[in-house]
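Engineer: Which chain is which? The protein sequence lines are A and B, in order. Under the working numbering, think of the first position of the first sequence as 342, with each following residue one higher. Under the working numbering, think of the first position of the second sequence as 342, with each following residue one higher. The structure's right below; bear with me while I get my questions together.
Protein chains: 2
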Amino acid sequence: MVTASRPLRADAARNREKLLAAAAELFAERGLDVPLEHIARRAEVSIGTLYKHFPTREDFTTAIFPERLAALDVIGAKALADSDPWHAFAGYLEDLYTLQAEDRGLNDVLARDLPNAPEVVSACHRGTSHVGTLITRAIEAGTLRADYTIADMATLTRAMAQVIRDSPSEWRRFLSIYVEGLRARTP
Amino acid sequence: MVTASRPLRADAARNREKLLAAAAELFAERGLDVPLEHIARRAEVSIGTLYKHFPTREDFTTAIFPERLAALDVIGAKALADSDPWHAFAGYLEDLYTLQAEDRGLNDVLARDLPNAPEVVSACHRGTSHVGTLITRAIEAGTLRADYTIADMATLTRAMAQVIRDSPSEWRRFLSIYVEGLRARTP
DNA sequence: GGCCAAGTCGAGGGCACCCTCGACTTATGC
DNA sequence: GCATAAGTCGAGGGTGCCCTCGACTTGGCC
């Protein structure tokens, strides 16, 4: 439901695309905090033009991330379709952090509780609700510690963001230890 | 072994102390990245004077942290004296991160691999060697996963730094899950 | 082909931090 | 007391980022 504004002039449309492409690249490479000047430079557009199209940094993220976050729905659906609750839960975590590891910007989006655009927030909420279901199922199956909560997931996600940032090759090891710690103990 | 320079004038000595005190406070409160101007302000001293006494930010950390890091030796010794290898190891982690949680600056020191002063580095090395022993013992006792390494500790420490930063009240929960994941599985 | 709204440009002002340096002040030894 | 080395001060220059705005350019329509 885009507000019906008059169509962009051809050159403006082109610049907008160049800016989006540049921002997407730089967010993925360097995270959400790249200087806007760098985005303008990579897009071969002046800083003034950048501000014309995207008055705030958040305008970039709302333009870019809803699509990326759709990947969360994909892995969520995949996990929900898995009939083994533990495998579903653990597999979801693996998939989620794989996505994060591939995109520094996504990593940042998930790690911070930014005052994000509604679209981004709702994508995160969908993700959260998937996880909620996965957690409940795994607990009911008696495979996940009964006291695990969504809040713990948020903590984990921020911790993983950090781990991914400083050892992109070792995060799986860290995660697997943690996940092992999450198994319900059979006394 | 301080290099024998002529003694400070009384006012200079006073200012030096005020600066150290201010820096210690602010590092603990806000981490290693506080603006030097803030330190000068809290010390009620001009920025020029600050630079006279501590030409670089690192001069502050080398003056402040060796003492703090001595606490690492204390908890290390305590753990080494514990005859139960698993309890020693897990207890050390708990103690270590308690220290980190109490001091944002220490948290930063341990989280980054700063080009630190020799004194700071050597304190960290001593800490590392304690941990190394604790790990070896716990593995030999068959209670810690056999593949756990010091490098994993570094990753954990950085992750915990992050966890502590964003949920100072919940880090124990996170740690305990992780530690649980570290137990050797008895198949 | 010419008009003009739409778009582009980049200099420049603001801010927060860094650090330096020359003019001023003062503790201290005589 | 006084001379002077030692210390203090803070304005100001540098950097990197933010964002604005008025002068210029251009696409698209008649």
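Here a beta-carbon is modelled for each residue, glycine too, at the ideal position from N, C-alpha and C.
#1: Buried or exposed: A429(B), going by 16 or more other Cβ atoms within 10 Å of its Cβ?
#2: Spatial neighbours of A420(B) within its chain, please: CB distance less than 8 angstroms, with the 5 preceding and 5 following residues excluded, ordered by chain position.
#3: Can the beta-carbon of W530(A) be found less than 8 angstroms from the beta-carbon of V520(A)?
#4: Compute the Euclidean distance between the alpha carbons of V343(B) and V461(A), then round it to the nearest angstrom.
#5: Can you find the residues in the same chain that come closer than 6 angstroms, C-beta to C-beta, to A381(B), ignoring five residues on each side of it along the sequence?
#6: In terms of alpha-carbon separation, which member of L523(A), P348(A), A458(A), D352(A) lies closest to A479(A)?
#7: Please report the straight-line C-alpha distance between T402(B) and P376(B), rounded to a whole angstrom.
#8: Taking the alpha-carbon positions, what's the C465(A) to Y438(A) distance?
#9: Going by C-alpha distance, which of L451(A), R506(A), R514(A), D488(A) is nearest S517(B)?
#10: Just how far apart, CA to CA, sit E443(B) and G372(B)?
#11: Pull out every residue of the stretch 510 to 522 of chain A whose Cβ sits closer than 9 angstroms to any Cβ of chain B, in chain order.
#12: Compare the C-beta of D493(B) with all C-beta atoms of chain A and state if any pair is closer than 8 angstroms.
#13: Who are the neighbours of D507(B) on chain A, taking C-beta pairs under 7 angstroms?
#14: Taking the beta carbon of R499(B) as the centre, do at least 16 other beta carbons fall within 10 Å, making it buried, or is it exposed?
#15: Looking at L410(B) and A384(B), is the spacing between their C-beta atoms short of 8 angstroms?
#16: Roughly how many angstroms separate the alpha carbons of R445(B) and R506(B), rounded to a whole number?
#17: Mind pulling the chain A residues with CB within less than 7 angstroms of T312(B)?
#18: List the residues that DSSP assigns as beta-bridge partners of R524(A).
#19: Short of 8 angstroms in beta carbon distance, which residues of its chain neighbour H349(B), apart from the five on each side in sequence? Order them along the chain.
#20: Please state the DSSP three-state secondary structure of P459(A).
#21: Under the rule that 16 or more other beta-carbon atoms within 10 Å means buried, what is P426(B), buried or exposed?
#22: Checking 8 angstroms against the spacing of the C-beta atoms, do L485(B) and A525(B) come in under that value?
#23: Judging by CA-CA distance, which residue of Q441(A), V415(A), F515(A), G483(A) is the nearest neighbour of R467(A)?
#24: Under 7 angstroms Cβ to Cβ from M494(A), same chain only, skipping five residues before and after it: list those, please.
#25: Since Q441(A) and L451(A) are thought to touch, with beta carbons under 8 angstroms apart, how far apart are those beta carbons, to the nearest angstrom?
#26: Would you call I405(B) buried or exposed, if buried means 16 or more other Cβ atoms sit within 10 Å of its Cβ?
#27: Flag this pair as yes or no: are the beta carbons of A458(B) and E399(B) separated by less than 8 angstroms?
#28: Taking 7 angstroms as the limit between beta carbons, can you name the residues of its chain near L367(A), skipping five residues before and five after?
#29: Sort P509(A), S424(A), S463(A) by Cα distance to E408(A) and report the nearest one.
#30: What does the Cβ neighbour count give for A418(A), buried or exposed, with the cut at 16 atoms within 10 Å?
#31: Can you tell me whether A364(B) is buried or exposed, with buried defined as 16 or more other CB within 10 angstroms of its CB?
Structural biologist: According to the data block:
#1: Buried, because 16 or more other Cβ atoms sit within 10 Å of the Cβ of A429(B).
#2: Result list for A420(B): A429, F430, G432, Y433, D436, H471, L475, in chain order.
#3: Missing from the structure shown is residue 530(A); chain A here goes from 342 to 528 and no further.
#4: The predicted model places V343(B) with a pLDDT of 49, which falls under 50 and marks its position as unreliable, so this point remains unresolved.
#5: Shown here for A381(B): same chain residues with a beta carbon closer than 6 angstroms to its own, the five before and five after excluded, namely I388, L391 in chain order.
#6: Ranked by Cα distance from A479(A), the first of L523(A), P348(A), A458(A), D352(A) is L523(A).
#7: Here the alpha carbon of T402(B) sits roughly 14 angstroms from the alpha carbon of P376(B).
#8: So the two alpha carbons sit approximately 14 angstroms from each other.
#9: Selection L451(A), R506(A), R514(A), D488(A) evaluated against S517(B) yields D488(A) as nearest (Cα-Cα).
#10: A direct Cα-Cα distance of roughly 11 angstroms separates E443(B) from G372(B).
#11: Residues passing the 9 angstroms Cβ filter: E511, W512, R514, F515, S517, I518, Y519, V520, E521, G522.
#12: Judged by the 8 angstroms Cβ criterion, D493(B) is in contact with chain A.
#13: R499, listed in chain order.
#14: Burial check for R499(B): the Cβ neighbour count within 10 Å reaches 16 or more, so the residue is buried.
#15: Result no, Cβ atoms of A384(B) and L410(B) do not sit closer than 8 angstroms.
#16: Cα to Cα, the separation comes out at about 8 angstroms.
#17: No information on residue 312(B) is available, as it lies outside the stretch 342 to 528 that chain B covers here.
#18: DSSP lists L485(A) as partners of R524(A).
#19: One detail in the question is off: residue 349(B) reads as Leu in this sequence, not His. The residues are R357.
#20: Three-state DSSP puts P459(A) in a helix.
#21: The residue in question, P426(B), is buried, as its Cβ has 16 or more Cβ neighbours within 10 Å.
#22: In this structure, A525(B) lies closer than 8 angstroms to L485(B) by Cβ.
#23: Taking only the C-alpha atoms, the option nearest R467(A) is V415(A).
#24: Closer than 7 angstroms at the Cβ level, and outside the excluded window around M494(A), lie V472.
#25: That belief holds up - the Cβ atoms of Q441(A) and L451(A) are roughly 6 angstroms apart, short of 8 angstroms.
#26: Answer is buried; the Cβ neighbour count reaches 16.
#27: Cβ atoms of A458(B) and E399(B): closer than 8 angstroms.
#28: The residues are V375, H379, I380, R383.
#29: Ranking the options by Cα distance to E408(A), first place goes to S463(A).
#30: Exposed, since its Cβ has fewer than 16 Cβ neighbours within 10 Å.
#31: With 16 or more other Cβ atoms within 10 Å, it is buried.
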